[in-house]
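Participant: Structure incoming, see below.
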Amino acid sequence: MSGAIGAMRADAAKLLSEGAVKLVLGYCVRGNERYPCFISEAAQAEALDFDQSCRQNLAAYLRKPEVRGRAPLAVVSSPAVCRSLLVLSSESQIRENEVRALAIGPKGYGGILGLGALGAWLKADYPDLVPEQALLDRVAELSAKTAQERAKFWMKEFEKCTRCYACRAACPGCYCERCIVEKNMPQWISSAAAGHGNYAWEVIRAFHQAGRCTGCGACEAACPQGLPLMLLNARLSQDAFEEFGSRPGYELEAKPLIGSWSAEDDGSFIR
Amino acid sequence: MRRFPKYVNAGRALMARIGVFICHCGENIGRTVDCPAAAAEAAKLPGVVLSLDYKYMCSDPGQQMINKAIAEKLLTGAVVAACSPRMHERTFRSAAAQAGLNPYLLEMANVREHCSWVHSERAAATAKANDLIRVMVEKVRRNKALFPIRVPVEPTALVVGGGIAGIQAALDIAAGGGKVVLVERSPSIGGHMARLSETFPTLDCSQCILTPRMVEAASHPDIRLMTYSEVEAVEGFVGSFEVTVRRKARYVDPEKCTGCGDCFNKCPLKKIPSEFDAGLGSRRAIYVPFPQAVPNKPVIDAANCTMLTKGKCGLCAKVCARGAIDYKDQDRLEKVKAGAVVLAAGFELWDHSAYGEYGGGRLKDVIDGFAFERLASASGPTGGEIRRPSDGSEPKTVVFIQCCGSRDDKKGKGYCSKICCMYTAKHAMLYRHKVHDGRAVVFYMDVRAAGKGYEEFVRRAIEADGAEYVRGRVSRVYRRRDGKLVVKGADTLVGRPMTVEADLVVLADAMVPRRGAEKLAQLFGVGCDTDGFYSEAHPKLRPVETAAAGVFLAGACQAPKDIPDSVAQASAAAAKALGLFAKPELEREPVIARVNKNLCVHCRACINACPYGAAKDFEIKDRAGKLLRVVAEVNEGLCQGCGTCAAVCRSNSVDLDGFSDEQVCAQIAALE
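Those protein sequence lines, which keep their order, are chains A and B. Numbering-wise, the working numbering puts 38 at position 38 of the first sequence, and it's gapless, one number per residue. Numbering-wise, the working numbering puts 157 at position 157 of the second sequence, and it's gapless, one number per residue.
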């Protein structure tokens, strides 16, 4: 792994010194803490680091106003971040010539990859990014319960939510400039941190991820209240894959699961 | 809807002044809903300044009440609690427009279909009617004045199907000054009618009356034939459809070909069953379906031609003096613009192999009606002589079995195929004219001969031509070792079983929609009934229109029809198309989606989701022309107001005029 990190630092320094990018988004590690860091000088590349605990999804920064104007840039990208980059690209949020990935994962460093090359790298080394078995077991356990039991479980969990929206800030898929939860004419989702407002927010957040979530876990990691958000996300991803064969973030120009259609779609259930 | 000159009130400039008009619909609503009580209740709602009930709100006095109220009470909106908007929304909105109220400030609360017709308990139904009215008042309080969208009309009709219905529609539209593109799937126009020998009830020769029409359609300067072509995709809407047509590879250049026939006379593949002759005759791999085909230019059947399948032969190209054969020909896609569409997809016969008791389709001498037509036709495989398909002998006893698959919802179709009684009588008559010593036995359930000259025709078959009509069903048909077909049935009028030894059995198979008809309907947004026939917009009052604006129906694709009915409906469809073309512009409902460009983040969900291609990228530029952002935009002309874009928009940046988030939320809130 240390060789991989060395190569990644060297590539970051090279890109910056050549002027190929203006900014590198990466991680630095201090003790037990992992911070996202933003590097604009080649000399700073030595600070870059990466390990399995780097759970912030750096792709989430690409649509923030502070970063948006600083293209071209490079992103230190774990496989999950790579998938998020491809989702953002298919939703026309980032352009191919503006973002490059310093692709790194458990199997080593993949080099400087353009968005067009990410799919091939992912398919070769990480073709089946599925959630950890422990999470899948918990999803199965919860799915086995009755609808009433599940509703009770989630009602209890959602009660903890303080509506800080850290999950939203951490998610690369949540790039709307005005989130639906902030709409107040009319107000569909109550903004009070309680009861049905919480329920509506959490469920709508999860549904907005259906067919788009890449399973990076940044939302759950960001939640100060410890809500098991990945339970919802993983279940939706399972459904999206099993029912529609959707695996977001493997193609540069994938059609979205929700909101794309073809005349050949199964319509037999409509009658 | 008529033009409305000026508006007394435009939306919410004034405080809401809403009128509620509750209709008894005779007894339809009044029987179950206490309308005066509902009116009293509605009068208490905030913003309601007037609440009335009346026996028939849609009648002239009822509409006058609304007009008067708008003028005197200066209404800013109106709710008519009556039937469904589908029934009378247009009526009431026109009335409102006449009185100077923007028609889109009037809404209907459906207290008939959604209330009185489905409930019986008066108090509960009245309470529900109150709810429905309250919800609509809340909506109308937030309605905005909308103005119709005007779109240009392309005065070209696309007619799909080149049978008699399609040909008639094309000729009538062209005669009325419209242009026509006639798309036909097979190599020639003419359809099933070209295969018939004679036609009831006059016994005139089918080809003699049809082929001049075919030629007329082909030579008309305003009709463009696209044979051997199929509709592939449809975009756009009434007034300006854009239809992609697949022009299948003919392998013969129709420009160079003179139709001399050298190619198909020389083609060595002689044993391909002819579809036109119902499999009784044969054709070559390069062929014209029948000698009077229009256009009279051959096509190569790619599935059978050895040059195309194995690369061996090439004889037709050698003998063609004009060099018209091109084995490398490929399907082409062509786009056609049309303002109106006439669907005349036609029918086919039900596959009687489901009837195991009639031989399950395995007995050679048990044939369907089309096969008999070809046997009786002078241009058919036997030159008009009635011959058994198995051994070519002349059948001395022919049994005709009616209602084969019709009026049988167990194995076949529940409906009556309508034409079989007549063509069976014709078949029996033709047979007796050709085989004087032959015996024609007709098994029937009922004889349905409703039509001009029809009953007389059947009587003539029985009385003058000696067809033996037996009322009863046939239970079994089997082949005896000597080749005779044994028909076991019952004569229910005398109440005894009956056995006939026949040489030939003709089954009057049910009429069913063409294979692929449902897919065609989907392309145009036309519904099908449970049997697959195309659904008309209203079974009585709009029998030619469909739920898709600008798409009309002609012929047996809508329901079983004979030639006169098909022709009449085709002319009706033509009149509808010409009615559209009579004005240079159409007015469309202004219920369309709008994108809030300040909020749109251009995730393109709506652009992917829009089934009409109305949502598109829109570049926001500054004055110097520098690109600032890209967002989504909805094209007013293409949008059909389905709301799919609004549903998929995560940031809620899309709203639907007339059904805005604000309105819908207020309606839901009113129910809490």
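Glycine is no exception: its CB is placed at the ideal position from the N, C-alpha and C atoms.
Rounding to the nearest angstrom, what Cα-Cα distance links Glu455(B) and Ile462(B) in this structure?
Facilitator: For the purposes of this step, residue 455(B) is taken as residue 455 along the second sequence, with counting starting at 1. For the purposes of this step, residue 462(B) is taken as residue 462 along the second sequence, with counting starting at 1. Spanning the two alpha carbons is a distance of roughly 11 Å.
Participant: I'd like to know whether the C-beta atoms of Cys313(B) and Pro268(B) end up nearer to each other than 8 Å.
Facilitator: The sequence position of residue 313(B) within the second sequence is 313, counting from 1. The sequence position of residue 268(B) within the second sequence is 268, counting from 1. It is a contact, given that the beta carbons lie within the stated cut-off.
Participant: Using a Cβ cut-off of 7 Å, pull out every chain B residue sitting near Tyr175(A), in sequence order please.
Facilitator: The residue you call residue 175(A) lines up with position 175 of the first sequence. Per Cβ cutoff of 7 Å: Val601.
Participant: Taking its Cβ as the centre, do 16 or more other Cβ atoms sit within 10 Å of Met185(A), making it buried, or is it exposed?
Facilitator: Translated into the one-based positions of the first sequence, residue 185(A) becomes position 185. Met185(A) comes out exposed.
Participant: Between Ser260(A) and chain B, is any beta-carbon pair separated by less than 8 Å?
Facilitator: In the first sequence, counting from the first residue as 1, residue 260(A) sits at position 260. Yes, Ser260(A) lies at the interface with chain B (some Cβ there is under 8 Å from its Cβ).
Participant: Would you call the region 149-167 of chain A in contact with the region 114-126 of chain A, where contact means no fewer than 3 C-beta pairs closer than 8 Å?
Facilitator: Cβ pair count under 8 Å is below three, so no.
Participant: Counting only beta-carbon atoms, is His208(A) nearer than 8 Å to chain B?
Facilitator: The sequence position of residue 208(A) within the first sequence is 208, counting from 1. Answer yes: the Cβ-Cβ gap between His208(A) and chain B drops below 8 Å somewhere.
Participant: Where does Asn110(B) sit, in a helix, a strand or coil, going by DSSP?
Facilitator: Locating residue 110(B) in the second sequence gives position 110, where the first residue counts as 1. Strand.
Participant: Could you list which residues in chain B have their beta carbon closer than 8 Å to that of Glu202(A), in chain order?
Facilitator: As a first step, residue 202(A) is located in the first sequence; it is residue number 202 there, counting from the start. Those do not exist, as Glu202(A) stays about 15 Å from chain B at its closest Cβ, beyond 8 Å.
Participant: On the three-state DSSP scale, how would you describe Thr306(B)?
Facilitator: As a working mapping, residue 306(B) is identified with position 306 in the second sequence. If DSSP states are grouped into helix, strand and coil, Thr306(B) belongs with the helices.
Participant: As a quick exercise: from Arg332(B), Glu633(B), Leu101(B) and Gly361(B), pick the residue whose alpha carbon is nearest that of Asp617(B).
Facilitator: In the second sequence, the residue the question calls residue 617(B) occupies position 617. Checked all of Arg332(B), Glu633(B), Leu101(B) and Gly361(B); the closest Cα to Asp617(B) is Glu633(B).
Participant: Closest Cβ-Cβ distance between Ala670(B) and chain A: below 8 Å?
Facilitator: For this step, residue 670(B) is matched to residue 670 along the second sequence. Not one chain A Cβ lies under 8 Å of Ala670(B).
Participant: In this structure, does DSSP put Ala669(B) in helix, strand or coil?
Facilitator: Here the question's residue 669(B) lines up with position 669 in the second sequence. It is helical.
Participant: Tell me whether His538(B) is buried or exposed, calling it buried when 16 or more other Cβ atoms sit within 10 Å of its Cβ.
Facilitator: Position 538 of the second sequence, counted from the first residue, corresponds to residue 538(B). With fewer than 16 other Cβ atoms within 10 Å, it is exposed.
Participant: Output, in sequence order along the chain, the residues in the region 606-623 of chain B whose CB is closer than 8 Å to any CB in chain A.
Facilitator: Residues passing the 8 Å Cβ filter: Cys606, Asn608, Ala609 and Pro611.
Participant: Examine the Cβ distances between the region 232-248 of chain B and the region 343-362 of chain B and report whether three or more of them are shorter than 8 Å.
Facilitator: The answer is no - the region 343-362 of chain B does not touch the region 232-248 of chain B, with fewer than three Cβ pairs under 8 Å.
Participant: For the beta strand (DSSP E) containing Met511(B), list its first residue and its last residue.
Facilitator: Counting from one through the second sequence, the residue named residue 511(B) turns up at place 511. Residues Met511 to Pro513.
Participant: Can you name the start and end residues of the beta strand (DSSP E) that Gly111(A) belongs to?
Facilitator: Position 111 of the first sequence, counting from 1, holds the residue named residue 111(A). Gly111(A) -> beta strand (DSSP E) spans Gly108 to Gly114.
Participant: Report the start-end ranges of each alpha helix (DSSP H) in the region 9-94 of chain B that is 4 residues or longer and not cut off at the edges.
Facilitator: Segments of the alpha helix (DSSP H) lying fully in the region 9-94 of chain B: 35-43 and 60-73.
Participant: Can you list the beta strand (DSSP E) stretches of 3 or more residues lying completely in the region 488-537 of chain B, in chain order?
Facilitator: Listed in chain order, they are 496-502, 504-509 and 511-513.
Participant: Is Cys205(B) helix, strand or coil when you go by DSSP?
Facilitator: By one-based count along the second sequence, residue 205(B) stands at place 205. Strand.
Participant: Which residues share a DSSP beta bridge with Cys404(B)?
Facilitator: For the purposes of this step, residue 404(B) is taken as residue 404 along the second sequence, with counting starting at 1. Partner(s): Asp509(B).
Participant: Rounded to the nearest angstrom, what separates Thr179(B) and Thr156(B) at their Cα positions?
Facilitator: Here residue 179(B) refers to the residue found at position 179 of the second sequence. Here residue 156(B) refers to the residue found at position 156 of the second sequence. Checking the sequence, you will find Lys at residue 179(B) rather than Thr. Those two C-alpha atoms are separated by around 4 Å.
Participant: By the criterion of Cβ-Cβ separation under 9 Å, what are the contact partners of Ala666(B) in chain A?
Facilitator: Your numbering for residue 666(B) matches position 666 in the second sequence. Correct list: Pro186.
Participant: Taking Arg178(A) as the query, report the chain B residues whose CB atoms sit under 7 Å from its CB, ordered along the chain.
Facilitator: For the purposes of this step, residue 178(A) is taken as residue 178 along the first sequence, with counting starting at 1. Neighbours of Arg178(A) on chain B, chain order: Leu599 and Ser651.
Participant: Assuming contact is defined by CB atoms lying nearer than 8 Å, are Glu232(B) and Leu333(B) in contact in what I supplied?
Facilitator: Indexing the second sequence from 1 puts residue 232(B) at position 232. Indexing the second sequence from 1 puts residue 333(B) at position 333. Result yes, Cβ atoms of Glu232(B) and Leu333(B) sit closer than 8 Å.
Participant: What separation, rounded to the nearest whole angstrom, lies between the Cα atoms of Tyr165(A) and Gln225(A)?
Facilitator: Translated into positions along the first sequence, residue 165(A) becomes position 165. Translated into positions along the first sequence, residue 225(A) becomes position 225. Taking the straight line joining both Cα atoms gives about 11 Å.
Participant: May I ask you to list, following chain order, the residues of the region 236-269 of chain A that have a beta carbon less than 9 Å from some beta carbon of chain B?
Facilitator: For the region 236-269 of chain A, which is checked against every Cβ of chain B, the residues closer than 9 Å are Lys255, Pro256, Ile258, Gly259, Ser260, Trp261, Ala263 and Gly267.
Participant: At what residues does the alpha helix (DSSP H) containing Glu149(A) begin and finish?
Facilitator: In the first sequence, the residue the question calls residue 149(A) occupies position 149. It spans Ala147 to Glu159 - the alpha helix (DSSP H) in which Glu149(A) sits, taken as one unbroken run.
Participant: Going by DSSP in three states, Gly166(B) sits in which element: helix, strand or coil?
Facilitator: Counting from one through the second sequence, the residue named residue 166(B) turns up at place 166. Gly166(B) falls in the helix class under three-state DSSP.
Participant: For chain A, check one thing: does any of its Cβ atoms lie closer than 8 Å to the Cβ of Glu334(B)?
Facilitator: Taking the first residue of the second sequence as position 1, residue 334(B) is located at position 334. It does not: the Cβ of Glu334(B) has no partner Cβ on chain A nearer than 8 Å.
Participant: Who does Val29(A) pair with in a DSSP beta bridge?
Facilitator: The count along the first sequence starts at 1 and reaches residue 29(A) at position 29. In the DSSP output, where bridge partners are listed per residue, Val29(A) has Arg34(A).
Participant: Along chain A, in chain order, which residues have C-beta atoms closer than 9 Å to that of Glu662(B)?
Facilitator: What you label residue 662(B) is simply residue 662 of the second sequence in a count that begins at 1. The answer, in chain order, is Met185 and Pro186.
Participant: Is there a C-beta anywhere in chain B that falls below 8 Å from the one on Glu91(A)?
Facilitator: As a first step, residue 91(A) is located in the first sequence; it is residue number 91 there, counting from the start. For Glu91(A), the answer is yes, since a Cβ of chain B falls inside 8 Å of its Cβ.
Participant: With burial defined as no fewer than 16 other Cβ atoms inside 10 Å of the residue's Cβ, what is the status of His436(B): buried or exposed?
Facilitator: Here residue 436(B) is taken as the residue at index 436 of the second sequence, counted from 1. Counting Cβ neighbours within 10 Å, His436(B) comes out exposed, since fewer than 16 surround it.
Participant: Are the C-beta of Arg213(B) and some C-beta of chain A separated by less than 8 Å?
Facilitator: Walking along the second sequence from the start, residue 213(B) turns up at place 213. It does not: the Cβ of Arg213(B) has no partner Cβ on chain A nearer than 8 Å.
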